[in-house]
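Engineer: Chains A and B, in that order, are what the protein sequence lines are. Going by the working numbering, the first sequence opens with residue 1, and the numbers climb by one from there. Going by the working numbering, the second sequence opens with residue 1001, and the numbers climb by one from there.
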Amino acid sequence: MSGLRLDHGGRMDRRRPVSFSFDGATYQGFAGDTLASALLANGVMLFGRSFKYHRPRGLLGAGSEEPNALVSVSRGPGRHTPNLRATGVEVYDGLVATSQHRWPSLKTDLGAINDRLGMFFPAGFYNKTFMWPRSFWDKLYEPVIRRMAGLGEAPSEEDPDHYAATYAHCDLLIVGAGPAGIDAALEASGTAKRVILIDEQDEAGGGALADPALWPWLQESLKDLAAAPNITVLRRTTAFGYYHDNFIGAVERLTDHLAQIGDGAREKLWRIRAGEVILAQGAIERPLVFAGNDVPGVMLASAARTYLHRYGVAVGKSVALVAAHDSGWQDVFALARAGVIVAAIIEVRDRVAAALLAEAEVLGIPVKLGHSVIDVHGRLAVKGITIARNDHSGAARITCDALLMAGGWTPCVHLWSHSKGSLAWDDALGAYVPDQPNEKVRCVGACSGKWNFGSGLVIDALPTPRDQHRIKAFVDFQNDVTAKDITLAVREGFKSIEHIKRYTTTGMATDQGKTSNLNGLQIASQALGRHVTEVGLTTFRPPYTPQTFGALAGHAKDDLFQPTRKTAIDGWAEEHGAVFELVAQWRRARYFPQAGEDMLAAVNRECRAVRSAVGIFDASTLGKIEVVGPDAAEFLNRMYTNPWKALEPGRCRYGLLLKEDGFITDDGVSARLAPDRFHLTTTTGGAARVLNTMEDYLQTEWPDLDVWLTSTTEQWAVIALQGPLARKLLEPLVAGIDLAGDAFPHMAIREGTVCGVPARLFRVSFTGELGFEINVPAAYGRALWERLMTDGAACGITPYGTEAMHVLRAEKGFIIVGQDTDGTVTPNDAGLDWAVGKKKPDFVGRRSLSRPDIVAPGRKQLVGLLTDDPAVVLEEGAQIVADPAQSIPMKMIGHVTSAYWSETLGRSIALALVAGGHARLGETLYLPMPGQVVRAKVSGMVFFDPAGARLNV
Amino acid sequence: MLLIHCPYCDQQRAEIEFAYAGEAHIARPLDPAAMSDEDWARYLFIRSNPRGRHHERWRHIHGCGRFFNAVRDTATDKFEATYQAGKPRR
Chain A
1 MSGLRLDHGG
11 RMDRRRPVSF
21 SFDGATYQGF
31 AGDTLASALL
41 ANGVMLFGRS
51 FKYHRPRGLL
61 GAGSEEPNAL
71 VSVSRGPGRH
81 TPNLRATGVE
91 VYDGLVATSQ
101 HRWPSLKTDL
111 GAINDRLGMF
121 FPAGFYNKTF
131 MWPRSFWDKL
141 YEPVIRRMAG
151 LGEAPSEEDP
161 DHYAATYAHC
171 DLLIVGAGPA
181 GIDAALEASG
191 TAKRVILIDE
201 QDEAGGGALA
211 DPALWPWLQE
221 SLKDLAAAPN
231 ITVLRRTTAF
241 GYYHDNFIGA
251 VERLTDHLAQ
261 IGDGAREKLW
271 RIRAGEVILA
281 QGAIERPLVF
291 AGNDVPGVML
301 ASAARTYLHR
311 YGVAVGKSVA
321 LVAAHDSGWQ
331 DVFALARAGV
341 IVAAIIEVRD
351 RVAAALLAEA
361 EVLGIPVKLG
371 HSVIDVHGRL
381 AVKGITIARN
391 DHSGAARITC
401 DALLMAGGWT
411 PCVHLWSHSK
421 GSLAWDDALG
431 AYVPDQPNEK
441 VRCVGACSGK
451 WNFGSGLVID
461 ALPTPRDQHR
471 IKAFVDFQND
481 VTAKDITLAV
491 REGFKSIEHI
501 KRYTTTGMAT
511 DQGKTSNLNG
521 LQIASQALGR
531 HVTEVGLTTF
541 RPPYTPQTFG
551 ALAGHAKDDL
561 FQPTRKTAID
571 GWAEEHGAVF
581 ELVAQWRRAR
591 YFPQAGEDML
601 AAVNRECRAV
611 RSAVGIFDAS
621 TLGKIEVVGP
631 DAAEFLNRMY
641 TNPWKALEPG
651 RCRYGLLLKE
661 DGFITDDGVS
671 ARLAPDRFHL
681 TTTTGGAARV
691 LNTMEDYLQT
701 EWPDLDVWLT
711 STTEQWAVIA
721 LQGPLARKLL
731 EPLVAGIDLA
741 GDAFPHMAIR
751 EGTVCGVPAR
761 LFRVSFTGEL
771 GFEINVPAAY
781 GRALWERLMT
791 DGAACGITPY
801 GTEAMHVLRA
811 EKGFIIVGQD
821 TDGTVTPNDA
831 GLDWAVGKKK
841 PDFVGRRSLS
851 RPDIVAPGRK
861 QLVGLLTDDP
871 AVVLEEGAQI
881 VADPAQSIPM
891 KMIGHVTSAY
901 WSETLGRSIA
911 LALVAGGHAR
921 LGETLYLPMP
931 GQVVRAKVSG
941 MVFFDPAGAR
951 LNV
Chain B
1001 MLLIHCPYCD
1011 QQRAEIEFAY
1021 AGEAHIARPL
1031 DPAAMSDEDW
1041 ARYLFIRSNP
1051 RGRHHERWRH
1061 IHGCGRFFNA
1071 VRDTATDKFE
1081 ATYQAGKPRR
């Protein structure tokens, strides 16, 4: 218990006290506090346990760089957010926060045994220790490691919040509303530029918030910005990633700081395209590396100053400073002036500016030049420190309850690096600074390396008389990486910083090494005996700070994940109890169960109706392309395997489409309406792809062809009437078309009217029955459907869904591209040689059909499979072997692509891709399944009416 | 997200309006039947994979629908030029 609230100072609102809980205990704070400042004001120093060793940890910083103080915030079911930095959680009345990764409690954490066993957890210990036996991984190592190492618990319930998203365009985007960012915005305030200024904190001001001398300026400036019509200021908004061409992703937090959350979005994703970007993200202070630098109460000097001035909190009653940089001196001077006892300044440098020494003397602060801290006493909080001269002599103990570190500053180049701007090493700063831009962007203020914090010494680890390999001097606090882990990695042969990073995990935690990367780099450079610039720098990647999946997903989830396409008849199907399935983005009726029916019973009934009377089917989802122009036939002749030029107007043809590699990519029946006009159909899922491919050839390979392609998929509603009574039902409704068998044969198209509506009537069949596909303008689809249902009631019209359609087509051996083919199936493999125009000199994919691999024997070919036990329906995807007695792993020679119960045949049927299948007719093959091996005979693919007698009536 | 200049619309538009369409300037052979298996396989499968200047095709699929050619640096993702299909290689 050492932090305390001072009775004056701070920017929080002392008239608005709030009450919140942390690990079950209730505390008071003020509106404007963060969880970190409020707990510190209550004397809480212990915030969490470290990742690997479970060491007690307190606050290191005061901003988004904080690596230690990670907490979970819960606000009801589904609203549990782990791994929040306490320094960024605004307190509100009723806030419930808990610490993470400790058991049974934060103060008594049994996992801390790891700290004593530290010798067993060197760099790369996962790789070294848990190598074998292999079987221990799943059952022992991984579960135990996962329990012992880790962060907060992921929420297990569905997130009830919703998240907004927007695009924004501006001439100038400024990231960071500290003094430099505000100045840049003010400069643009008189111009015509549209300006967006974003800042991650609840209050604009950045570093100025910790400097009361700047508060009057800040207040005036913010007033001016608010009055400027061309400037938008976004607070609580984190620019997390900088992408190509000045495209910046940012998340605005809208409700997390409110005691009462309404119906509004929790967060808002901003996708900003900026003409110019100014980065004013400031700099992050570096910790120093020495034994015990992670004891709660050891923190950055700048953070102590922020807690003092912004929150009116002293981080301790008696604090010490260990510094390698002037800025820390100024920080403790501020503390001393506020009445905090400064026990000592321990300065690593032998000499500092006389003005600093004079000021220390005025404030009565003892100064130890040329000294360093060699140990920190206390476990749950700092109780004192031991210092020694840099030559190791003169060890002495100093009592204090907080130790501040001033290790110099690291410019915040994260976004700059996302944008692929180059970096230059600055020896004096001991840091990389922005060099050449890759986008229209510049850095201003501290993130450009220009600051007025004074100068300092660049040092890798503090001098110590103790054995460097026996002390824990932390570099990466969040991942528990010590200086000796890095030197060990170097001794073991790692030379590249990218490898050292991955081996030691330094910089790989959720803070992405904001406070650790440079120290890690210096230590590696020292150990390797090479200059920092030769060791390299790891890559900065988005996000700058962790963001919620909710914000990134936005509205694109559940029903809005992708559009659901519905046909004109979909509403009727829904009203009549259809069970739906998704086919590509289309919602299609799968079957229409009647009372008491399961899927099989419904499908069997639907199949019986089609074979014995008439069925009605919504085929509107079929892709449709209108191909028009003098060269339309020539174009299709080049695209499809089939010959098209001789097709007479009024006739249809089954078309097979290959890719240039010779494999089937789509199929469909197409009709010639006139010499220069075709109505193409494609598979439901392939329509967009086929149109794209055709456009590609037309635009880039054959621009001389005079052809126009138009997607007409959604212009037509398509109703399939299939069954022996189809003609009888349709005939009275049709005008202008003679439906007689010889006048309108199978595979013909006629234009006329149906129920007075202009229609394209196809006589086609995907069922093997007499059938028609009626195309009417989509708006008439449902009315026509309902009329057919009414008129067809007397002859037993039955709506059927995609499942019955599948059974009926499989009985006829009609393939579904994408189910019975998989992108490696040629026309010959699929038994579709008859659809390939042998006399055509060329078409897309033709040359590939004679490639050596395509004509080689043993290819997988599509065949029928009939199980020996007719009641057994195979599973689609089941693997096929020739010899069930062979040892495991068996040689698999194919798999089942389609399998159904055929009500028509009273037995199961299946299609399968089998190696050398065409030559195996009559052969018995085996399908090893759980509990049994199924025997099946290879057959032809057409199981029903092979002569087509039912079609040609 | 890249900004891409459509040479048909003469507009700089966001990448989501476009679809990538593979390497550019690979013409379909005029007489595939006359080609050896090796040459045909090369046409089908072999593509350059440079670090640096890459000639590639894009389609303004949610705009004018046209295919066009582009030179993009694969290391920096910067477009050097976009130009209409059929125009000489840049």
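Every residue gets a Cβ at the ideal spot worked out from N, C-alpha and C, and that includes glycine.
1. State yes or no: is the beta carbon of Pro1088(B) nearer than 8 Å to at least one beta carbon in chain A?
2. Select from Pro543(A), Leu300(A) and Phe944(A) the residue whose C-alpha is nearest the C-alpha of Glu811(A).
3. I need the DSSP call for Arg605(A), collapsed to helix, strand or coil.
4. If you measure from the beta carbon of His244(A) to each beta carbon in chain E, is any gap under 8 Å?
5. Pull up the distance between the alpha-carbon of Leu59(A) and that of Phe47(A), whole angstroms please.
6. Would Phe1067(B) count as contacting chain A if we go by Cβ distances under 8 Å?
7. Using CA coordinates, which residue listed in Arg470(A), Val73(A) and Ser612(A) is at the minimum distance from Gly292(A)?
8. Please classify Ser74(A): does DSSP put it in a helix, a strand, or coil?
9. Please return the same chain residues whose Cβ sits closer than 7 Å to the Cβ of Ser99(A), not counting the five positions on each side in sequence.
10. Short check: CB of Ala899(A) to CB of Ala910(A), under 8 Å?
11. Any beta carbon from chain B within less than 8 Å of Phe549(A)'s own beta carbon?
12. For a quick check, are the C-beta atoms of Val627(A) and Val707(A) less than 8 Å apart?
13. Out of Gly940(A), Thr108(A), Ala210(A) and Phe247(A), state which residue places its alpha-carbon closest to the alpha-carbon of Leu862(A).
14. What residue range is occupied by the uninterrupted alpha helix (DSSP H) comprising Pro216(A)?
15. Once the 5 residues before and after Gln879(A) are set aside, which same chain residues still bring their CB inside 6 Å of it?
16. Measuring from the CB of Glu731(A), is there a heavy atom of the ligand GTP at a distance below 7 Å?
17. Pick out the complete alpha helix (DSSP H) segments inside the stretch 675-762 of chain A, 4 residues or longer, and give them in chain order.
18. What are the residues of the stretch 531-560 of chain A that lie near chain B, defined by any Cβ-Cβ distance shorter than 8 Å?
19. What does Lys440(A) touch in chain B if you count any residue whose Cβ is under 7 Å from its own?
20. Asp791(A) to Ile854(A), Cα distance in whole Å?
21. Check each candidate in Leu269(A), Met599(A) and Ala402(A) and name the one with the smallest Cα separation from Ala303(A).
22. Spatial neighbours of Glu1015(B) within its chain, please: C-beta separation below 8 Å, excluding the five flanking residues on both sides.
23. In terms of residues, what are the limits of the alpha helix (DSSP H) holding Phe333(A)?
24. Which of helix, strand or coil does DSSP assign to Tyr780(A)?
25. Who are the neighbours of Thr1074(B) on chain A, taking C-beta pairs under 8 Å?
26. Drop a sphere of 10 angstroms on the beta-carbon of Leu521(A), count the other beta-carbons inside from all chains shown, and report buried for 16 or more, exposed for fewer.
27. Determine the chain A residues that contact Asp1037(B) at a beta-carbon separation under 7 Å, and present them in chain order.
28. Three-state secondary structure (DSSP) at Ile664(A)?
29. Can you pull the chain A neighbours of Ala1081(B), defined as C-beta to C-beta under 9 Å?
30. Report the three-state DSSP secondary structure of Met1(A) (helix, strand or coil).
31. So, is Asp33(A) buried or exposed, given that buried needs 16 or more other C-beta atoms within 10 angstroms?
32. Can you tell me which of the three DSSP states Gly65(A) falls into?
33. Taking C-beta to C-beta, are Thr306(A) and Ala210(A) nearer than 8 Å?
34. Taking C-beta pairs closer than 9 Å, name the residues in chain B that Asp467(A) reaches, listed in chain order.
35. Are the beta-carbon atoms belonging to Ile569(A) and Leu721(A) less than 8 Å from one another?
36. Might you give, ordered along the chain, the residues of its own chain that have their beta carbon closer than 8 Å to the beta carbon of Trp103(A), omitting 5 neighbours on each side?
Structural biologist: In short:
1. Sequence index remark: in the second sequence, residue 1088(B) carries index 88 (1-based). Chain A, which has no Cβ nearer than 8 Å to the Cβ of Pro1088(B), makes this no.
2. Position 811 of the first sequence holds residue 811(A). The shortest C-alpha separation from Glu811(A) is found at Phe944(A).
3. Residue numbering aside, residue 605(A) sits at position 605 when the first sequence is read from its first letter. Reduced to three states, the DSSP call for Arg605(A) is helix.
4. Structure shown: chain E not included; protein chains present are A and B.
5. Here residue 59(A) refers to the residue found at position 59 of the first sequence. Here residue 47(A) refers to the residue found at position 47 of the first sequence. Leu59(A) and Phe47(A) have their C-alpha atoms some 7 Å from each other.
6. Here residue 1067(B) corresponds to residue number 67 of the second sequence, with the count starting at 1. Yes, Phe1067(B) counts as interfacial toward chain A.
7. Translated into the one-based positions of the first sequence, residue 292(A) becomes position 292. The alpha carbon of Gly292(A) has as its nearest neighbour, out of Arg470(A), Val73(A) and Ser612(A), the alpha carbon of Arg470(A).
8. By 1-based counting over the first sequence, the position of residue 74(A) is 74. Reduced to three states, the DSSP call for Ser74(A) is strand.
9. Position 99 of the first sequence, counting from 1, holds the residue named residue 99(A). If you ignore the 5 residues before and after Ser99(A), its C-beta comes within less than 7 Å of the C-beta of Asp23, Phe47, Gly48, Val71 and Leu106, all in its own chain and listed in chain order.
10. For the purposes of this step, residue 899(A) is taken as residue 899 along the first sequence, with counting starting at 1. For the purposes of this step, residue 910(A) is taken as residue 910 along the first sequence, with counting starting at 1. Taking C-beta atoms as the reference points, Ala899(A) and Ala910(A) count as a pair closer than 8 Å.
11. The residue you call residue 549(A) lines up with position 549 of the first sequence. Cβ-Cβ to chain B under 8 Å: no for Phe549(A).
12. As a first step, residue 627(A) must be located in the first sequence, where it is residue number 627. As a first step, residue 707(A) must be located in the first sequence, where it is residue number 707. Their beta carbons are under 8 Å apart, which means Val627(A) touches Val707(A) by this criterion.
13. In the first sequence, counting from the first residue as 1, residue 862(A) sits at position 862. Among Gly940(A), Thr108(A), Ala210(A) and Phe247(A), the Cα nearest to that of Leu862(A) is on Gly940(A).
14. Here residue 216(A) is taken as the residue at index 216 of the first sequence, counted from 1. Residues Trp215 to Ala227.
15. Working through the first sequence from its first residue, we reach residue 879(A) at position 879. Its chain contains Met892 and His895 as the residues whose beta carbon lies nearer than 6 Å to that of Gln879(A), once the 5 sequence neighbours on both sides are disregarded; these appear in chain order.
16. In terms of ligand content, the structure shown is empty, and the ligand GTP therefore cannot be addressed.
17. Correct list: 687-696 and 726-730.
18. Cβ contacts with chain B come from no residue of the stretch 531-560 of chain A.
19. Taking the first residue of the first sequence as position 1, residue 440(A) is located at position 440. Within 7 Å Cβ-Cβ: nothing; Lys440(A) doesn't reach chain B, min ~12 Å.
20. On the first sequence, position 791 is the one that residue 791(A) refers to. On the first sequence, position 854 is the one that residue 854(A) refers to. Distance between the alpha carbons of Asp791(A) and Ile854(A): 52 Å.
21. Residue 303(A) sits at position 303 when you count from the first residue of the first sequence. Scanning Leu269(A), Met599(A) and Ala402(A) for the CA closest to the CA of Ala303(A) turns up Ala402(A).
22. For the purposes of this step, residue 1015(B) is identified with residue 15 of the second sequence, where counting begins at 1. Closer than 8 Å at the Cβ level, and outside the excluded window around Glu1015(B), lie Met1001, Leu1002, Leu1003 and Ile1004.
23. Counting from 1 along the first sequence, the entry for residue 333(A) is found at position 333. Asp326 to Arg337 is the extent of the alpha helix (DSSP H) around Phe333(A).
24. Translated into the one-based positions of the first sequence, residue 780(A) becomes position 780. In the structure shown, Tyr780(A) sits in a helix (DSSP, three-state: H, G or I).
25. For the purposes of this step, residue 1074(B) is taken as residue 74 along the second sequence, with counting starting at 1. Those within 8 Å of Thr1074(B) in chain A number zero; the least Cβ separation is about 13 Å.
26. Numbered from 1 along the first sequence, position 521 holds the residue referred to as residue 521(A). So Leu521(A) ends up on the buried side.
27. In the second sequence, the residue the question calls residue 1037(B) occupies position 37. Per Cβ cutoff of 7 Å: Arg851 and Pro852.
28. Taking the first sequence and counting its residues from 1, one reaches residue 664(A) at position 664. In the three-state reduction of the DSSP assignment, Ile664(A) falls in the strand class.
29. Counting from 1 along the second sequence, the entry for residue 1081(B) is found at position 81. One finds nothing in chain A with a Cβ atom closer than 9 Å to the Cβ of Ala1081(B); even the nearest lies about 15 Å away.
30. Translated into positions along the first sequence, residue 1(A) becomes position 1. Low confidence applies to Met1(A): its pLDDT is 44, below 50, so where it sits in the model is not reliable enough to give any reading.
31. Your numbering for residue 33(A) matches position 33 in the first sequence. A residue is called buried once 16 or more other Cβ atoms fall within 10 Å of its Cβ, and Asp33(A) is buried on that count.
32. Taking the first sequence and counting its residues from 1, one reaches residue 65(A) at position 65. Here the sequence assigns Glu to residue 65(A), which means Gly is not the residue at that position. The answer is coil: DSSP assigns Glu65(A) none of H, G, I, E or B.
33. Looking up residue 306(A) in the first sequence gives position 306. Looking up residue 210(A) in the first sequence gives position 210. The Cβ-Cβ distance between Thr306(A) and Ala210(A) falls below 8 Å.
34. Residue numbering aside, residue 467(A) sits at position 467 when the first sequence is read from its first letter. Annotation: Asp467(A) has no Cβ neighbours in chain B at a cutoff of 9 Å; minimum Cβ distance is about 46 Å.
35. Stepping through the first sequence from its first residue, residue 569(A) is reached at position 569. Stepping through the first sequence from its first residue, residue 721(A) is reached at position 721. Going by C-beta atoms, Ile569(A) is not nearer than 8 Å to Leu721(A).
36. Position 103 of the first sequence holds residue 103(A). Within the same chain, and ignoring the five residues on either side of Trp103(A) in sequence, the residues whose Cβ sits closer than 8 Å to its Cβ are Asp109, Leu110 and Gly111.
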